Each structure stands twice: as C-alpha cells, then as structure tokens.
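Residue numbers (the UniProt record's numbering): 1 to 171. Everything on this sheet refers to the single structure shown next.
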C-alpha cells in the first residue's frame, strides 16, 4: 500500500478518484498544459479519473509512483509529484502545480521528499527529469534539487516538435 509522506508544509498522499474534479480544474489550466509535455488541453474530469485509476496497479508493480500534493491542514490537492517511470534503479521525475501555488517552494519540497522516499524505499539510484526549454519555473526547481544538466533533446508534444532540457544524476 502506498504511504503518505509528510514534509514541513506538505502532505503527499495517494490520489483518490474523488480528487478527479480538482485535478481537472488545476491540471486543466492552459498554463499547465503549455508548460508540460504530458497534460493535454482541455483536460477533463473523465481523463483525471482514468489517470488516477492507473496509480495503484503501477505502485504495486513498482513501475511508477504518483502522489497528490496537499498543504498541511487541507486535504484539497494543489498538484502532483511522481515518478511516472521506475525502471532498473532509474526514476523519471515529474510534477505539476496549480498556477496559484507557483513560486512558493512547493514543487521543490515535494520533489525532494519523493526523491528521499525513492532512495530509501524503492532502491532508486538515479533520477532523470526534463522540462520544456521555455519552462523557467521547472528549470529553477531542478537546479535547486541539484540534478545535473545532460543535454537538450527534441521530442514530439501533441504533434509538434518541442525542445526539452534533460537532467540526470545519481542520488
């Protein structure tokens, strides 16, 4: 069973299907889609439900782990932090926050907590993360985590070629 992780200002917990409406509201913001490679616009409650329903099986198989980010004292989600891929000791880091929560150190705190958990409990030895070149907020978070820049790559996002910065480090 997936645990809950507590940090100084956050609770990272498993998503529940009842979070679908809030996920669609936050992840469905155009600014979120524009800054991510994997969140389409528009993003519906049905899409959120389908996404949430994949989490427990992936956790059980140790192929991924996804946490809802909540502020202490509130059970309402404000974003997500995850390893959407766990394979051969390498975890691919992903995160998003509702735009009202940007610039408060939340993504950094959540990512650091997830990395610590993965190192202790999931035997992860390397973390990889990428961001769209224009996503300066993610660049800042990744630099503060201390993951090393490796290269730029071209990927296809919703049928369009986009450039991403790729980072990877041992933890």
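Beta carbons: idealized from backbone N, C-alpha and C, even for Gly. In this text the structure is predicted, and so the values were computed from the model without any measurement.
Could you tell me whether any Cβ in chain B is nearer than 7 Å to the Cβ of residue i?
{"i": "residue 53", "result": "Checking the listed chains, one finds no chain B in this structure; it contains a single protein chain."}
Using 8 Å for Cβ pairs, my map puts residue i next to residue j. What's the rounded Cβ distance?
{"i": "residue 76", "j": "residue 127", "result": "The Cβ separation is near 28 Å, so there is no contact."}
{"i": "residue 157", "j": "residue 68", "result": "The pair is not a contact, with the Cβ atoms about 24 Å apart (cut-off 8 Å)."}
{"i": "residue 97", "j": "residue 111", "result": "With a Cβ gap of about 11 Å, residue 97 and residue 111 do not count as contacting."}
{"i": "residue 106", "j": "residue 10", "result": "7 Å"}
{"i": "residue 171", "j": "residue 87", "result": "That pair is no contact at about 15 Å."}
{"i": "residue 13", "j": "residue 70", "result": "6 Å"}
Please say whether residue j and residue i have beta carbons closer to each other than 7 Å?
{"i": "residue 108", "j": "residue 72", "result": "no"}
{"i": "residue 166", "j": "residue 132", "result": "no"}
{"i": "residue 124", "j": "residue 142", "result": "no"}
{"i": "residue 114", "j": "residue 81", "result": "yes"}
{"i": "residue 95", "j": "residue 5", "result": "no"}
Give the secondary structure of residue i by DSSP, where H, G and I count as helix, E and B as strand, and everything else as coil.
{"i": "residue 117", "result": "helix"}
{"i": "residue 95", "result": "strand"}
{"i": "residue 18", "result": "helix"}
{"i": "residue 109", "result": "helix"}
{"i": "residue 29", "result": "coil"}
{"i": "residue 37", "result": "coil"}
By Cβ distance below 7 Å, which residues in the same chain neighbour residue i in space, the five residues on each side in sequence not counted?
{"i": "residue 101", "result": "78, 79"}
{"i": "residue 150", "result": "166, 167, 168"}
{"i": "residue 89", "result": "123, 124, 125, 126"}
For residue i, which residues from the same chain have a beta carbon less than 8 Å from its beta carbon, with the 5 sequence-adjacent residues on both sides left out?
{"i": "residue 52", "result": "15, 16, 17, 19, 20, 23"}
{"i": "residue 103", "result": "137"}
{"i": "residue 85", "result": "63, 64, 91, 92"}
Kindly list the residues whose CB is nearer than 6 Å to the CB of residue i, restricted to its own chain and excluding five residues on each side of it in sequence; keep chain order.
{"i": "residue 152", "result": "163, 165"}
{"i": "residue 31", "result": "99"}
{"i": "residue 2", "result": "14, 59"}
Cβ pair count under 8 Å reaching 3, the stretch 128-142 against the stretch 42-55: no
The stretch 53-67 in contact with the stretch 21-38 per 3-pair CB rule at 8 Å: no
Segment contact, 8 Å Cβ cut-off, at least three pairs: the stretch 21-32 with the stretch 45-58: yes
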